[in-house]
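Report on one structure; see the data block that follows.
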Amino acid sequence: MRLLTKSIIIAFRVIGAVSIAQSQWSVQPSGTTETLLGVQFVDANTGIAVGTSGKILRTTNGGSGWLSQTSGTTRFLRDVAFPDVSTGFAVGEPGIILRTTNGGTAWTSQTSGTASTLYPRRGHEAMSSFTSGQ
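Residue numbering for the sequence shown is 347 to 480, as defined by this note's numbering.
Listed below in C-alpha coordinates is the structure:
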(Lines of atoms letter the chains of each structure in order from A; the text may use other names.)
(Lines give C-alpha, C1' and ligand atoms only; values in the text may rest on other atoms or scores of the structure.)
Protein backbone atom coordinates (compact mmCIF):
# COMPACT_ATOMS: atom_id res chain seq x y z
CA MET A 347 0.00 0.00 0.00
CA ARG A 348 2.84 2.36 0.86
CA LEU A 349 4.46 1.73 -2.57
CA LEU A 350 1.15 2.45 -4.33
CA THR A 351 0.78 5.73 -2.42
CA LYS A 352 4.33 6.82 -3.42
CA SER A 353 3.62 5.93 -7.06
CA ILE A 354 0.43 7.96 -7.10
CA ILE A 355 2.15 10.97 -5.51
CA ILE A 356 5.01 10.76 -8.04
CA ALA A 357 2.51 10.42 -10.90
CA PHE A 358 0.64 13.54 -9.72
CA ARG A 359 3.91 15.47 -9.44
CA VAL A 360 4.98 14.47 -12.96
CA ILE A 361 1.56 15.19 -14.46
CA GLY A 362 1.42 18.51 -12.60
CA ALA A 363 4.89 19.50 -13.85
CA VAL A 364 3.97 18.61 -17.44
CA SER A 365 0.74 20.61 -17.18
CA ILE A 366 2.60 23.66 -15.86
CA ALA A 367 5.25 23.41 -18.61
CA GLN A 368 2.60 23.03 -21.31
CA SER A 369 0.58 25.97 -20.02
CA GLN A 370 3.50 28.29 -20.77
CA TRP A 371 3.36 27.56 -24.52
CA SER A 372 0.63 28.46 -26.96
CA VAL A 373 0.26 28.25 -30.72
CA GLN A 374 0.83 31.55 -32.50
CA PRO A 375 -0.22 31.78 -36.16
CA SER A 376 2.54 33.05 -38.43
CA GLY A 377 0.27 34.19 -41.24
CA THR A 378 2.22 32.25 -43.87
CA THR A 379 1.82 28.91 -45.57
CA GLU A 380 5.60 28.70 -46.15
CA THR A 381 7.65 26.33 -44.02
CA LEU A 382 9.68 28.27 -41.47
CA LEU A 383 13.17 26.82 -40.96
CA GLY A 384 14.93 29.23 -38.60
CA VAL A 385 14.03 31.77 -35.94
CA GLN A 386 15.87 34.06 -33.57
CA PHE A 387 14.64 36.51 -30.98
CA VAL A 388 16.94 39.44 -30.21
CA ASP A 389 14.95 40.35 -27.10
CA ALA A 390 11.68 39.35 -25.42
CA ASN A 391 9.58 40.99 -28.14
CA THR A 392 11.55 41.18 -31.38
CA GLY A 393 12.09 38.06 -33.45
CA ILE A 394 12.81 37.08 -37.05
CA ALA A 395 11.78 33.83 -38.74
CA VAL A 396 12.95 32.63 -42.16
CA GLY A 397 11.89 29.84 -44.45
CA THR A 398 11.03 28.51 -47.88
CA SER A 399 10.47 30.77 -50.89
CA GLY A 400 12.62 33.47 -49.31
CA LYS A 401 10.08 34.10 -46.55
CA ILE A 402 11.14 36.45 -43.75
CA LEU A 403 8.74 37.29 -40.94
CA ARG A 404 9.31 39.79 -38.13
CA THR A 405 7.51 40.21 -34.82
CA THR A 406 7.78 43.05 -32.33
CA ASN A 407 5.23 41.72 -29.84
CA GLY A 408 6.76 38.44 -28.71
CA GLY A 409 5.27 36.41 -31.55
CA SER A 410 1.62 37.40 -31.18
CA GLY A 411 1.70 38.87 -34.67
CA TRP A 412 4.13 38.52 -37.59
CA LEU A 413 4.73 40.84 -40.55
CA SER A 414 6.26 39.72 -43.84
CA GLN A 415 9.51 41.42 -44.84
CA THR A 416 10.94 41.70 -48.35
CA SER A 417 13.88 39.34 -48.82
CA GLY A 418 14.59 39.79 -52.52
CA THR A 419 14.86 36.03 -53.07
CA THR A 420 12.56 33.09 -53.65
CA ARG A 421 15.14 30.54 -52.49
CA PHE A 422 15.14 28.61 -49.21
CA LEU A 423 16.42 30.59 -46.25
CA ARG A 424 17.70 28.00 -43.78
CA ASP A 425 18.53 30.04 -40.71
CA VAL A 426 18.88 33.49 -39.22
CA ALA A 427 21.27 34.87 -36.61
CA PHE A 428 21.71 38.23 -34.92
CA PRO A 429 25.01 39.04 -33.21
CA ASP A 430 23.33 42.20 -31.86
CA VAL A 431 19.85 43.77 -31.96
CA SER A 432 20.50 45.63 -35.23
CA THR A 433 22.75 43.41 -37.32
CA GLY A 434 21.50 40.08 -38.59
CA PHE A 435 22.18 37.51 -41.28
CA ALA A 436 19.81 35.14 -43.04
CA VAL A 437 21.49 32.32 -44.96
CA GLY A 438 20.33 29.55 -47.22
CA GLU A 439 20.65 27.95 -50.61
CA PRO A 440 22.33 28.19 -52.99
CA GLY A 441 24.91 30.32 -51.17
CA ILE A 442 22.37 32.97 -50.19
CA ILE A 443 23.42 35.56 -47.60
CA LEU A 444 21.12 38.40 -46.64
CA ARG A 445 22.15 41.10 -44.17
CA THR A 446 20.17 43.60 -42.14
CA THR A 447 21.48 46.52 -40.13
CA ASN A 448 18.12 47.77 -38.84
CA GLY A 449 16.82 44.86 -36.82
CA GLY A 450 15.32 42.96 -39.73
CA THR A 451 13.07 45.50 -41.41
CA ALA A 452 15.21 45.69 -44.58
CA TRP A 453 17.54 43.07 -46.06
CA THR A 454 20.34 43.31 -48.65
CA SER A 455 22.01 40.50 -50.57
CA GLN A 456 25.68 39.74 -49.91
CA THR A 457 28.07 37.82 -52.15
CA SER A 458 29.04 34.41 -50.77
CA GLY A 459 31.13 32.96 -53.59
CA THR A 460 29.56 29.50 -53.21
CA ALA A 461 26.53 27.63 -54.46
CA SER A 462 26.41 25.43 -51.34
CA THR A 463 23.73 25.72 -48.69
CA LEU A 464 24.91 28.01 -45.91
CA TYR A 465 24.24 27.81 -42.18
CA PRO A 466 25.40 30.35 -39.61
CA ARG A 467 28.01 29.25 -37.10
CA ARG A 468 26.52 29.78 -33.66
CA GLY A 469 28.51 31.28 -30.83
CA HIS A 470 30.49 33.84 -32.82
CA GLU A 471 30.25 37.42 -31.57
CA ALA A 472 30.67 39.07 -34.96
CA MET A 473 28.68 36.42 -36.85
CA SER A 474 30.99 36.90 -39.78
CA SER A 475 31.45 33.21 -40.56
CA PHE A 476 29.20 30.66 -42.18
CA THR A 477 29.38 26.93 -42.67
CA SER A 478 28.37 25.25 -45.88
CA GLY A 479 26.90 21.81 -46.03
CA GLN A 480 25.37 19.31 -48.42
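Think of the CB as a built atom: it goes at the ideal place given N, C-alpha and C, for glycine as much as any other residue.
Query, Result
"Alpha-carbon to alpha-carbon, Q456 and S462", "14 Å"
"Reduced DSSP secondary structure (H/G/I, E/B, other) of T398", "helix"
"Nearest neighbour of N448, chosen from S399, E380, G459 and V431 [CA to CA]", "V431"
"Residue interval of the beta strand (DSSP E) (run including F435)", "G434 to G438"
"Delimiting residues of the beta strand (DSSP E) encompassing D425", "L423 to A427"
"Buried/exposed call for L464, threshold 16 Cβ in 10 Å", "buried"
"Residue burial classification, D389 (beta-carbon count within 10 angstroms, cutoff 16)", "exposed"
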